[in-house]
Amino acid sequence: MKFPKLLFRKSVPVIGSDKQGIGRIPPKVARELVRTRHAEILHNHPSVIGLRHIGSKTASPNRVVSTSPLKNLIHTASLIASKSSRSAILNSLLFKIVDHKLCVMATDLESYFTGYLEPGTNYSFTHDKEVDGICINARHLDKIISSQNNYFHLHIIKGKENPGLRIGEFLIEGEDASGFPDVQLHKKEDMVYKGAITNIAAKLNFVGRALSTNKYRSALCGIYLDLEKLKLVGADGNRLHMVPMEGVSQETKKPGSANETPSLKGVIVPSPLLRIGKLLTGKARIFEGNDPNRGIYQNVIFDVHLPGCMDCTATYRALEGTYPQYLNVIPKGFASRFIAKAKDVIPVLHKALIANTTDIPSKPITVEFNKGGLRITTKVYERIRFQGIVNGEYSGQPYNGSINGNFLFDAVQTIPGDSIEVLLQGKNDEAWIIRNQSGFTAIIMPLGLENGN
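Position 26 of the sequence shown, counted from 1, bears residue number 59 in the numbering used here, the numbering being contiguous throughout.
Structure (structure tokens):
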């Protein structure tokens, strides 16, 4: 195994599994973490390593892709374009010159992205008279754009057989823009909701951890926007993450339809929204329509912030189906309570997960609460592989149980704030509540004791 750029550094920066920098470590320690697969070298930052825990992807820094608005515009559109479609058009980005501005669009048919860039000192956009638009493969284009400096002249040419896009020294052949799916336009009178979600990136990161990947439970594969309780919710049947939306305005009724159409209670936004969660401003609008084939539907439009660009939006077709009555699974009270500092809980949990070398997806850990605090134990085939103590304040009867280590780690590391509060019920087979003053709340069902041994 090679360790480029790690060998000759006095210390190595580390990105935690919460995507935040957590400090620097000696190269020898960094190499050992990479060798044992507890961390990976970041591809775009070969002198930085990202910690990972079992069941999660390698962490990556919070960063803007580039200081170039055009590069960011193309990269963001590429996140929306279909990754697996056999259709060349759906794997492509649409470039059009509209009123001297560059318009970039992408779709996978369930979601759309649109963004604009005005010409300026570093950019100019021109086209042949016979053609003003072209579809270019997103993957090829992203590679070429990343190799350019910050000055771009884009020219769309007609071509003998297929149109092309000239970028500096490169000429990329594309497809005719007429094959790109039409982007649905929304009328103001069709808007049924308008509001803003504060701190949306952190909230989507928290809620997104709990989404189901079971396609047969499609309603649980998306983020639920509860417009009555003003909550963002994610759940998979074994855990539930919930945060307040805050700052959402009142529902906007369609003119003349207040007595004909019931209020919109909520929508389920598909999980691909998480790909651009860090770029959202929080402003959202919901439009309702009636499709001859699919009936009544809702489109949710989010404003996207890309410095230097304008009018960037991402539109998602709401998932069909009814979201479960999630409030019914939230315990109304508690029998015991444990309060501790998050910085004390996270390292112990992380070590407990590292010690679990089994193939069991849940990575079960055994927990013991008493007046001395919390004891976390990892057992592999009846043998103790790790045992750690978290100091904190505990009130209630002693509690022994087993819980999904990955679920608990996901909740604790993504809840903002310094402290964590764990609320327990009277029996060890009843749901845990993990929360603090931030309003972020996780509900996790414990495992049977036999699964923790």
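Backbone N, C-alpha and C fix where the C-beta goes; we use that ideal spot for every residue, glycine too.
Going by DSSP, name the residue or residues bridged to PHE146.
For the purposes of this step, residue 146 is taken as the residue at position 113 of the sequence shown. Looking at the DSSP assignment, PHE146 forms a beta bridge with ALA139, ALA347.
Looking at the structure shown, is ARG308 part of a helix, part of a strand, or coil, going by DSSP?
Against the sequence shown, residue 308 aligns to sequence position 275. Residue state, collapsed to three classes: helix.
Compare the Cα-Cα distances from TYR226 to each of GLN331, THR411, THR154, PRO277 and report the closest residue.
Working through the sequence shown from its first residue, we reach residue 226 at position 193. Nearest option by C-alpha distance: GLN331.
Please state whether the Cβ-Cβ distance between ASN437 and SER471 is less than 8 Å.
Taking the first residue of the sequence shown as position 1, residue 437 is located at position 404. Taking the first residue of the sequence shown as position 1, residue 471 is located at position 438. Not a contact, by the Cβ cut-off of 8 Å.
What are the start and end residues of the alpha helix (DSSP H) that includes PRO303?
Counting from one through the sequence shown, the residue named residue 303 turns up at place 270. First-last for PRO303: 299-303, but that is the beta strand (DSSP E), not the alpha helix (DSSP H).
By the DSSP assignment, the beta strand (DSSP E) with ILE205 in it spans what residues?
As a working mapping, residue 205 is identified with position 172 in the sequence shown. Element bounds for ILE205: 203-206.
Return the CA-CA distance between GLY322 and GLY459, expressed in angstroms with no decimal places.
Within the sequence shown, the letter at position 289 stands for residue 322. Within the sequence shown, the letter at position 426 stands for residue 459. So the alpha carbons of these two residues sit roughly 48 Å apart.
Can the beta-carbon of PRO302 be found less than 8 Å from the beta-carbon of TYR249?
The residue given as residue 302 occupies position 269 in the sequence shown. The residue given as residue 249 occupies position 216 in the sequence shown. Looking at the sequence shown, residue 302 is not Pro but Val. The answer is no: Cβ separation not under 8 Å.
Using the three-state DSSP reduction, which class does LEU352 fall into: helix, strand or coil?
Within the sequence shown, the letter at position 319 stands for residue 352. Coil.
Leaving aside the five residues before and after GLY421 along the sequence, list all residues of the same chain whose C-beta is less than 7 Å from its C-beta, in chain order.
Walking along the sequence shown from the start, residue 421 turns up at place 388. Excluding positions up to five away in sequence, the list reads VAL381, LYS384, ALA385, ILE409.
Buried or exposed for HIS108, going by 16 or more other Cβ atoms inside 10 Å?
Residue 108 sits at position 75 when you count from the first residue of the sequence shown. Buried is the call here.
With burial defined as no fewer than 16 other Cβ atoms inside 10 Å of the residue's Cβ, what is the status of PRO325: buried or exposed?
For this step, residue 325 is matched to residue 292 along the sequence shown. That one is exposed.
If I follow the unbroken beta strand (DSSP E) through THR229, where does it start and stop?
Translated into the one-based positions of the sequence shown, residue 229 becomes position 196. At residue 229 the sequence reads Ala, which differs from the Thr that was named. First-last of the beta strand (DSSP E) with ALA229: 224-229.
So, are the CB atoms of ARG272 and ALA252 less than 8 Å apart?
By 1-based counting over the sequence shown, the position of residue 272 is 239. By 1-based counting over the sequence shown, the position of residue 252 is 219. Cβ distance not < 8 Å, so ARG272 and ALA252 don't count as in contact.
Can you tell which of SER245, PRO397, LEU237 has its C-alpha closest to the C-alpha of LYS264?
The residue you call residue 264 lines up with position 231 of the sequence shown. Per the Cα distances, LEU237.
In chain order, what residues of the same chain lie with their CB nearer than 6 Å to the CB of SER290, ignoring the 5 residues before and after it?
As a position in the sequence shown, residue 290 is number 257, starting the count at 1. Model confidence at SER290 stands at a pLDDT of 44, short of 50, so the residue's coordinates are unreliable and nothing is read from them.
With the cut-off set at 8 Å, would you say ALA375 and ASP451 are in Cβ contact?
One-based indexing of the sequence shown puts residue 375 at position 342. One-based indexing of the sequence shown puts residue 451 at position 418. Taking 8 Å as the Cβ cut-off, ALA375 and ASP451 qualify as a contacting pair.
Tell me which residues share the same chain as SER259 and place their Cβ nearer than 7 Å to its Cβ, disregarding the 5 neighbours each side in the sequence.
Sequence index remark: in the sequence shown, residue 259 carries index 226 (1-based). What sits at residue 259 in the sequence shown is Asp, not Ser. Around ASP259: VAL266, GLY299.
For LYS129, which residues of its own chain have a beta-carbon under 7 Å away from its beta-carbon, when the five flanking residues on both sides are left out?
Position 96 of the sequence shown, counted from the first residue, corresponds to residue 129. These residues qualify, in order along the chain: CYS136, ASP165, GLY166, ALA210.
Considering just the uninterrupted stretch of the alpha helix (DSSP H) at ASN239, what are its terminal residues?
If you number the sequence shown from 1, residue 239 lands on position 206. Checking the sequence, you will find Phe at residue 239 rather than Asn. Element bounds for PHE239: 233-241.
Which residues in the same chain have their Cβ closer than 7 Å to the Cβ of SER106, if we skip the five residues on either side of it in sequence?
Sequence index remark: in the sequence shown, residue 106 carries index 73 (1-based). Contrary to the premise, residue 106 reads as Leu rather than Ser in this sequence. Contacts found: VAL137, GLY148, LEU150, LEU339, CYS342.
Would you list, in sequence order, the uninterrupted beta strand (DSSP E) runs of no fewer than 3 residues that lie entirely inside the stretch 365-409?
369-374, 397-403, all fully within the stretch 365-409.
Name the two residues that bound the continuous beta strand (DSSP E) containing PHE128.
What you label residue 128 is simply residue 95 of the sequence shown in a count that begins at 1. Note, PHE128: beta strand (DSSP E), 125-131.
For LEU312, which residues from the same chain have a beta carbon less than 7 Å from its beta carbon, with the 5 sequence-adjacent residues on both sides left out?
In the sequence shown, the residue the question calls residue 312 occupies position 279. THR109, VAL337, HIS338, LEU339.
Between the alpha carbons of PHE335 and LEU297, how many angstroms are there, rounded?
By one-based count along the sequence shown, residue 335 stands at place 302. By one-based count along the sequence shown, residue 297 stands at place 264. Spanning the two alpha carbons is a distance of roughly 18 Å.
Once you ignore the five residues that flank LEU480 on each side, which residues in its own chain have a CB closer than 7 Å to its CB?
In the sequence shown, the residue the question calls residue 480 occupies position 447. Excluding residues within five positions, the ones whose Cβ falls inside 7 Å are SER395, PRO397, SER435, ILE436, ASN437.
Starting from VAL266, follow the beta strand (DSSP E) in both directions and report where the run begins and ends.
In the sequence shown, the residue the question calls residue 266 occupies position 233. Counting along the chain, the beta strand (DSSP E) containing VAL266 begins and ends at 264-268.
What is the residue span of the alpha helix (DSSP H) that LEU106 lies within?
Counted from its first residue, the sequence shown places residue 106 at position 73. Where LEU106 is concerned, the enclosing alpha helix (DSSP H) stretches over 102-113.
Measure the alpha-carbon distance for VAL45 versus ILE379 and round it to whole angstroms.
Here residue 45 corresponds to residue number 12 of the sequence shown, with the count starting at 1. Here residue 379 corresponds to residue number 346 of the sequence shown, with the count starting at 1. Computed Cα separation, rounded: 21 Å.
Return the bridge partner residues of SER414 from the DSSP annotation.
For this step, residue 414 is matched to residue 381 along the sequence shown. Just to set this straight, residue 414 is Tyr in the shown sequence, not Ser. Paired residues: none, contrary to the question.
Taking all protein chains shown into account, decide if THR474 is buried (16 or more other Cβ within 10 angstroms of its Cβ) or exposed.
As a position in the sequence shown, residue 474 is number 441, starting the count at 1. It counts as buried.
Does the Cβ-Cβ distance between LEU126 and LEU187 come in under 8 Å?
Counting from one through the sequence shown, the residue named residue 126 turns up at place 93. Counting from one through the sequence shown, the residue named residue 187 turns up at place 154. No, the Cβ-Cβ distance between LEU126 and LEU187 is not below 8 Å.
In this structure, how does DSSP classify LEU339 when only helix, strand and coil are distinguished?
Numbered from its first residue, the sequence shown carries residue 339 at position 306. In the structure shown, LEU339 sits in coil (DSSP, three-state: anything other than H, G, I, E or B).
Out of curiosity, what's the CA-to-CA distance linking GLY194 and ILE477?
Here residue 194 corresponds to residue number 161 of the sequence shown, with the count starting at 1. Here residue 477 corresponds to residue number 444 of the sequence shown, with the count starting at 1. Here the sequence assigns Glu to residue 194, which means Gly is not the residue at that position. Taking the straight line joining both Cα atoms gives about 58 Å.
From what residue to what residue does the alpha helix (DSSP H) around LYS176 run?
Locating residue 176 in the sequence shown gives position 143, where the first residue counts as 1. Looking at the DSSP string, the run of the alpha helix (DSSP H) that includes LYS176 is 171-179.
Determine, using beta carbons only, whether MET224 and ARG327 come nearer to each other than 8 Å.
Position 191 of the sequence shown, counted from the first residue, corresponds to residue 224. Position 294 of the sequence shown, counted from the first residue, corresponds to residue 327. No; because the gap between Cβ atoms is not below 8 Å, this pair is not in contact.
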